[in-house]
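Top line first, the protein sequences correspond to chains A and B.
The numbering of the first sequence is the working numbering, which starts it at 331 and goes up by one.
The numbering of the second sequence is the working numbering, which starts it at 331 and goes up by one.
Here a beta-carbon is modelled for each residue, glycine too, at the ideal position from N, C-alpha and C.
Some notes on the structure that comes next.
There are 2 protein chains.
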Amino acid sequence: MNLRDLDYIIAVAEFEHFGKAADSCHISQPTLSTQISKIEAELGVKIFERNSRSLQITAIGATIIARARAIQSEVREIHNLAAAERDPMGGSLRLGIIPTLSPYLAPLLLPPLARACPRLSLEWHEDMTHSLVTKFLNFDLDFMLLATLPESLDSDEFLIQPLFTEPFYLALPRTHRLAAATSLAMSDLMPSELLLLAEGHCLRDQIVDLCSGPALRQPTANDFRAASLETLLALVEHGLGVTLVPALALPTNPPYDSQGLVFRPLGRDGGSRQIRLITRHSFGRPKLRWELAKTIQSHLPKTVTIVNSL
Amino acid sequence: MNLRDLDYIIAVAEFEHFGKAADSCHISQPTLSTQISKIEAELGVKIFERNSRSLQITAIGATIIARARAIQSEVREIHNLAAAERDPMGGSLRLGIIPTLSPYLAPLLLPPLARACPRLSLEWHEDMTHSLVTKFLNFDLDFMLLATLPESLDSDEFLIQPLFTEPFYLALPRTHRLAAATSLAMSDLMPSELLLLAEGHCLRDQIVDLCSGPALRQPTANDFRAASLETLLALVEHGLGVTLVPALALPTNPPYDSQGLVFRPLGRDGGSRQIRLITRHSFGRPKLRWELAKTIQSHLPKTVTIVNSL
DNA sequence: TAAAAATACTCCATAGGTATTTTAT
DNA sequence: ATAAAATACCTATGGAGTATTTTTA
């Protein structure tokens, strides 16, 4: 067996098609076929059940592929360790981040991080929690910044580092009847006026949980299934409703207003989310982990609360 | 980089000598030299600091080698998984076991294990705790049976499974003044008559801890530094002293006596040790782990107490 | 019959060998 | 002076290519 062979079985598992997998590995289909056959002969088990019409991964194949991904990740990490030795704040790093955090954290984090680690090559993967976790478990991400913790991360091999708690704010059109109120609670809202993100966003679920009080605006055919907070805020600005946003979505300076929008804190227990940094314990560059966490915590606005300050 | 390259850097790290490492890899010294150079060039770091008289592992080299060992272990485990798929109770398994347990457990465990897993290839590594743990951490053992838990095993990546608790018995010459006593306590012993194993055996340390009561027989030039319990029992049989042995060291059937020896239970809190099975969570053959633990627990004499029965 | 994997064969990159030189104590 | 690693250069295994055949839905 060979390290390259691991790429090959992972590619076949990914594409479930020898031709496409071969392309992705930049080799010919016959070469891939022979190599896979050799591996299967060496191990004495079929990794893929295949014929000219279909391809399936066998049970043992799936466990082998999981190990192969882990091995590849370790090999990558050897390269990263070496790169970090040549340049402690260099190397490459793959960060996953949720869409309701990414646009607000990026401008805060990237400039100081580039200053602290000038030669660090950062891959920024913006996706919803579920997709990020899948990639992470496949060793395709080194770090994740999440607001929720799926059960699949309930394992000792992962390091979960709370960074900050971010309260929710009510976003209102400036012309809204509640725009001038000094203190607001969820119960002041009309059930129908709350706008939500599309399903799959953890923020949507958190707000739904929070709003067990006022009946939720049911999704209808006319509902705009907003894919981003920015879109949602545009709807609010045009008077189509109100929404809850995490603190980082606010304009950076008080009074936190922008053109047609005003943001109002919610009273005690108005809700908040905790942003956590997730890695594997086996991530081999502790200084880089520390630098990342520290840089995030050091450049947050006063609207959020630092947890576990470094 | 190549899987074989990992063998090479591990071999050089092991022998600290290119010629010997090359021999162990069955390649020539120049081939090894060129390969190591290539790896170092690829990673851009020196793994070994070397000249014609000395060889040292660099700091980054040590971390790379640790990863390399982990990768090799994963690769081995892929082969083992495949072997286990062809034959669920087959494959190979490397078990480390302490010298004060090995001679008593081996005859109990091996026949039923061979019956349960006829084609399992078992490597039996008998050594003291410290050496076993070193091998285990280097991924050179799959399982350990230990009576103590060094701090280096304080990590979530290891699975520690208590199997049974084994009380200590006092071993006396048949002619001893206490041989006829029905109930004994540590305080009945004369400080000078207690014989101990050589240093390094966990059993020695446990008995020393237990015997904070009677002053210990101090090692002198005349002391026989017994390397095994069997040797110690031979000394006892010849009237040179008494000793404490774990229950499994007793002859299998009551009245638990053999030729010139008698064994007497100690009263409440006469001491005991707990035997634990240690693996990595990443060990990929849970059925085999279960079978091993179960087979051990199923074939123990009544003198020990099963913990966490499977 | 058509899409996909397997086979047959040829080629070449690179791991590995032998002979020799360089290095550092 | 000597032990050990590095270099030079040659060999050959096995990974990769192209052309073709086999398979099965």
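If I'm right that residue i touches residue j with Cβ under 8 Å, what's the distance once you round it to whole angstroms?
i: I394 of chain B; j: I401 of chain A; result: Contact flag wrong, Cβ pair sits at about 15 Å.
i: S422 of chain A; j: S403 of chain A; result: S422 of chain A to S403 of chain A, Cβ: 13 Å. No contact.
i: G600 of chain B; j: M516 of chain B; result: 7 Å
i: R380 of chain B; j: G420 of chain B; result: Incorrect: roughly 42 Å between the Cβ atoms, too far for contact.
i: D518 of chain A; j: L533 of chain A; result: About 21 Å; that fails the 8 Å criterion.
From residue i to residue j, what does the alpha carbon distance come to, in whole angstroms?
i: R424 of chain B; j: S602 of chain B; result: 27 Å
i: L362 of chain B; j: E453 of chain A; result: 36 Å
i: K368 of chain A; j: C355 of chain A; result: 17 Å
i: Y338 of chain A; j: L439 of chain B; result: 41 Å
i: T430 of chain B; j: A477 of chain B; result: 9 Å
i: V637 of chain A; j: P497 of chain A; result: 13 Å
i: E523 of chain A; j: N410 of chain B; result: 60 Å
i: A389 of chain B; j: I377 of chain B; result: 8 Å
i: P576 of chain B; j: F494 of chain B; result: 12 Å
i: L443 of chain B; j: L385 of chain B; result: 44 Å
i: D417 of chain B; j: K617 of chain B; result: 12 Å
i: P437 of chain A; j: P631 of chain A; result: 12 Å
i: P433 of chain B; j: A413 of chain B; result: 29 Å
i: F447 of chain A; j: R406 of chain A; result: Here residue 447 of chain A turns out to be Cys, not Phe, going by the sequence shown. Cα-Cα distance, rounded: 19 Å.
i: H506 of chain B; j: G614 of chain B; result: 52 Å
i: L483 of chain A; j: R598 of chain B; result: 45 Å
i: R445 of chain B; j: T625 of chain B; result: 10 Å
i: R399 of chain A; j: E481 of chain B; result: 30 Å
i: L309 of chain B; j: L540 of chain B; result: Here chain B has residues from 331 to 640 only, and residue 309 of chain B is not among them.
i: S513 of chain B; j: P492 of chain B; result: 29 Å
Under 8 Å, Cβ to Cβ, is there at least one residue of chain A near residue i?
i: T609 of chain B; result: no
i: G420 of chain B; result: no
i: D337 of chain B; result: no
i: A400 of chain B; result: yes
i: L373 of chain B; result: yes
i: L467 of chain B; result: no
i: R606 of chain B; result: no
i: A412 of chain B; result: yes
i: I387 of chain B; result: no
i: T393 of chain B; result: yes
i: E346 of chain B; result: no
i: S594 of chain B; result: First, the residue type needs correcting, since residue 594 of chain B is Arg and not Ser in the sequence shown. No, no contact with chain A.
Using a beta-carbon distance below 8 Å, is residue i in contact with chain B?
i: N332 of chain A; result: yes
i: I408 of chain A; result: yes
i: V405 of chain A; result: yes
i: L471 of chain A; result: no
i: E496 of chain A; result: no
i: A577 of chain A; result: no
i: R416 of chain A; result: yes
i: T512 of chain A; result: no
i: D484 of chain A; result: no
i: G614 of chain A; result: yes
i: E278 of chain A; result: Chain A is shown from 331 up to 640; residue 278 of chain A falls before or after that span and cannot be answered.
i: I390 of chain A; result: yes
i: R619 of chain A; result: no
i: E453 of chain A; result: no
Using a threshold of 8 Å, state whether the C-beta atoms of residue i and residue j are closer than that.
i: R504 of chain A; j: V634 of chain A; result: no
i: G590 of chain A; j: E560 of chain A; result: no
i: F488 of chain B; j: I608 of chain B; result: yes
i: V283 of chain B; j: E456 of chain A; result: Because chain B spans 331 through 640 in this model, residue 283 of chain B falls outside it and cannot be assessed.
i: L596 of chain B; j: A623 of chain B; result: no
i: G349 of chain B; j: Q365 of chain B; result: no
i: A557 of chain B; j: A528 of chain B; result: yes
i: L475 of chain B; j: I605 of chain B; result: yes
i: L525 of chain A; j: L462 of chain A; result: no
i: R619 of chain A; j: L502 of chain A; result: no
i: L500 of chain B; j: V572 of chain B; result: yes
i: T673 of chain B; j: I428 of chain B; result: Residue 673 of chain B lies beyond the range of chain B shown here (331 to 640); nothing can be said about it.
i: L333 of chain A; j: N332 of chain B; result: yes
i: A352 of chain A; j: E344 of chain A; result: no
i: D535 of chain A; j: D486 of chain B; result: no
Would you mind listing the beta strand (DSSP E) stretches within the stretch 420–503 of chain B that are 3+ residues and don't spill past its ends, in chain order? 422–427, 451–456, 473–476 and 488–503
Pick out the complete beta strand (DSSP E) segments inside the stretch 566–627 of chain B, 3 residues or longer, and give them in chain order. 573–576, 591–595 and 602–610
Of all the beta strand (DSSP E) runs that stay within the bounds of the stretch 352–430 of chain B, which reach a length of 3 or more residues? 378–380, 385–387 and 422–427
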